[in-house]
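Participant: Encoded as structure tokens, here's the structure I'll be asking about.
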Ligand SMILES: Cc1ncc(C[n+]2csc(CCOP(=O)(O)OP(=O)(O)O)c2C)c(N)n1
Ligand SMILES: [Mg+2]
């Protein structure tokens, strides 16, 4: 039985045996080689983008806060690969991975981090505010949990205007102790909004481990019973599992006309932000999660199964490395925003 059938069989999505779904190999044969390579390409693009951001932060080209997505690539790429052009995306401040997975321009993303005029938000938003309405990518939000009601509003517009599509809202475990999290879940359930709540549970909110700050255990998805929102857990280090889970969730949302909740168990390999000594976790834990690194594990599996070759993987890597070098060049050579524009695009009521 495939994991999809297994999930369908469950009346309640809360019953899913997470251990089995983690071990299962969801749909490796249901994708063709190009789809596999595209998933790998996107994950590798994100990792290299983040590595380049780290270097350019250290040398002063990028300023302000910098939160890297390294380690969580399978989650962002898996989820966004199952969405359609008609779907809205709203996310938190750890947003570079989602932006690149959605296909936002790499040069303009990097230029935004460099604070340049050519950036996605004209250089005035920076790392936490990547935005591209033409791709229905509605930010990049710095206030923890602040994106949840915005996403609910977008999904309400889809419902009200009878538009095709759903809204996906990414958020971290840290936002689940914000009042607005519970308010949004409640209202979305009451109004039957076409929204996919997508929790990236990386076990830490800054230096706070969830077992220190959460009542009710390490799993968040069972609590969705309270809101009567169907939910499921997925291995966030397995791009295929996340892709499949999101596909199922999207179909369910549109068919049943109800919200859905996915909890993706993942891990950030780096500190909360660039300047984080990580004294709150030990190296053994990091090393354990690094064994699941999707940038290593996924191509290894594809090569073992003879779906692709080492040569093909290396070719993708060198193409991506060139894209990143070009993006750094583009960002470095772009102009700063002019002082005359400082008050443009600002709305205060
Ligand atoms: C309302 C609010 N409170 C506090 C902060 C400071 N802050 C920034 S990130 C963060 C932790 C969020 O953790 P989580 O949601 O788990 O996301 P992760 O960093 O793990 O991706 C906090 C407390 C903030 N930005 N907004
Ligand atoms: Mg977290």
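In the working numbering, the protein residues as written are 171 to 519. Cβ atoms here follow ideal geometry from the backbone N, Cα and C, with glycine treated the same way.
(1) Inspect the CB distances between the region 403-410 and the region 243-255 and report whether three or more fall short of 8 Å.
(2) For ligand 1, which residues count as neighbours when the test is a C-beta closer than 5 Å to any heavy atom?
(3) Exposed or buried, residue 328, counting other C-beta atoms within 10 Å across all chains shown (16 or more means buried)?
(4) Would DSSP call residue 410 helix, strand or coil?
(5) Is residue 370 a contact residue of ligand 2, with contact defined as CB to any heavy atom under 8 Å?
(6) So the candidates are 369, 426, 400; which of them puts its Cα closest to the Cα of residue 435?
(7) So, with DSSP's three-state summary, where would you put residue 286?
(8) Among all the DSSP beta bridges, which residues are the ones paired with residue 403?
(9) Since residue 213 is in the alpha helix (DSSP H), which residue starts that stretch and which ends it?
(10) Residues in the same chain with beta-carbon distance under 8 Å from residue 257, minus the five sequence neighbours each way, listed in chain order, please.
(11) Taking just the CA atoms, how far does residue 209 sit from residue 474?
(12) Starting from the C-beta of residue 325, find all residues in its chain whose C-beta is less than 6 Å away, skip the five residues before and the five after it, and write them out in chain order.
(13) Please report how far the alpha carbon of residue 501 lies from the alpha carbon of residue 237, in whole angstroms.
(14) Should residue 515 and residue 286 be called a contact, given that it needs their Cβ atoms to be closer than 9 Å?
(15) State the beta-bridge partners of residue 260 as determined by DSSP.
(16) Have a look at residue 505 and residue 215 and give me their C-alpha separation to the nearest angstrom.
(17) Have a look at 359, 494, 273 and flag the residue whose alpha-carbon is nearest the alpha-carbon of residue 426.
(18) Does the region 388-395 come close enough to the region 444-457 to have 3 or more Cβ pairs within less than 8 Å?
(19) Specify the secondary structure class of residue 148 as computed by DSSP and reduced to three states.
(20) Using the beta-carbon count (16 or more within 10 Å), is residue 346 buried or exposed?
(21) Beta carbon of residue 332, beta carbon of residue 242: below 9 Å?
(22) State the CB to CB distance for the pair residue 298 and residue 265, rounded to an integer number of angstroms; the pair is presumed to be in contact (CB under 8 Å).
(23) Determine whether the beta carbon atoms of residue 464 and residue 483 lie at a separation below 9 Å.
(24) Which one of 312, 302, 361 has the shortest CA to CA distance from residue 322?
(25) Is the region 438-455 touching the region 270-289 in the sense that three or more CB pairs, one from each, lie closer than 8 Å?
(26) Go through its chain and collect everything with a Cβ distance to residue 213's Cβ below 8 Å, but skip five positions before and after it.
(27) Where does residue 413 land, buried or exposed, given buried means 16+ other C-beta within 10 angstroms?
(28) Could you give the residue range of the beta strand (DSSP E) that holds residue 307?
(29) Quick one: is residue 225 buried, meaning 16 or more other Cβ sit within 10 Å of its Cβ, or exposed?
(30) Can you tell me whether DSSP reads residue 367 as helix, strand or coil?
(31) Could you check if residue 385 is buried or exposed, using at least 16 other CB atoms within 10 Å of its CB as the buried criterion?
(32) Suppose contacts are defined by Cβ-Cβ distances below 9 Å. Is residue 270 in contact with residue 282 by that definition?
(33) Please tell me whether residue 423 and residue 355 are closer than 9 Å, where the distance is taken between their beta carbons.
(34) If I'm right that residue 284 touches residue 204 with Cβ under 8 Å, what's the distance once you round it to whole angstroms?
Facilitator: On the basis of the supplied data:
(1) Between the region 403-410 and the region 243-255, the count of C-beta pairs closer than 8 Å reaches three or more; the two stretches touch.
(2) Selection output, chain order preserved: 264, 313, 314, 342, 343, 344, 345, 372, 375, 376.
(3) Flag for residue 328 reads buried.
(4) Residue 410 carries a helical assignment under DSSP once its states are collapsed to helix, strand and coil.
(5) For ligand 2, at least one heavy atom lies less than 8 Å from the Cβ of residue 370.
(6) Closest by alpha carbon: 369.
(7) Assignment of residue 286 by DSSP, reduced to helix, strand and coil, places it in the coil class.
(8) The beta-bridge partner set that DSSP reports for residue 403 consists of 433.
(9) Residue 213: member of the alpha helix (DSSP H) spanning 203-228, first to last residue.
(10) Within the same chain, residue 257 has close Cβ partners 306, 335, 336, 337, 338, 420.
(11) In a straight line, the C-alpha of residue 474 is about 17 Å away from that of residue 209.
(12) Shown here for residue 325: same chain residues with a beta carbon closer than 6 Å to its own, the five before and five after excluded, namely 337, 363, 364, 365 in chain order.
(13) Whole-angstrom Cα-Cα distance: 19 Å.
(14) The answer is no: Cβ separation not under 9 Å.
(15) In DSSP, residue 260 forms a bridge with 339.
(16) Distance between the alpha carbons of residue 505 and residue 215 is about 25 Å.
(17) Answer by Cα proximity: 359.
(18) Remark: fewer than three beta-carbon pairs, one from each stretch, lie closer than 8 Å, so the region 388-395 and the region 444-457 are not flagged as touching.
(19) Residue numbering for the chain in the displayed model covers 171 to 519; residue 148 lies beyond these limits and cannot be assessed.
(20) Buried, by the Cβ-count rule.
(21) Not a contact, by the Cβ cut-off of 9 Å.
(22) With a Cβ gap of about 7 Å, residue 298 and residue 265 count as contacting.
(23) Contact flag unset, no.
(24) Closest by alpha carbon: 361.
(25) In short, these stretches do not touch, since the Cβ pair count stays below three.
(26) Hits under 8 Å: 243, 244, 247, 409, 464, 465, 468.
(27) By the 10 Å Cβ count, residue 413 comes out buried.
(28) Segment 307-310, the beta strand (DSSP E) holding residue 307.
(29) Under this definition residue 225 is an exposed residue.
(30) Correct three-state label for residue 367: strand.
(31) Counting other Cβ atoms within 10 Å of its Cβ, residue 385 stays below 16 and is therefore classed as exposed.
(32) For residue 270 and residue 282, no; Cβs fall outside 9 Å.
(33) No, these two residues do not count as a Cβ contact at 9 Å.
(34) Going by Cβ atoms, the distance from residue 284 to residue 204 rounds to 33 Å, so no, they are not a contact pair.
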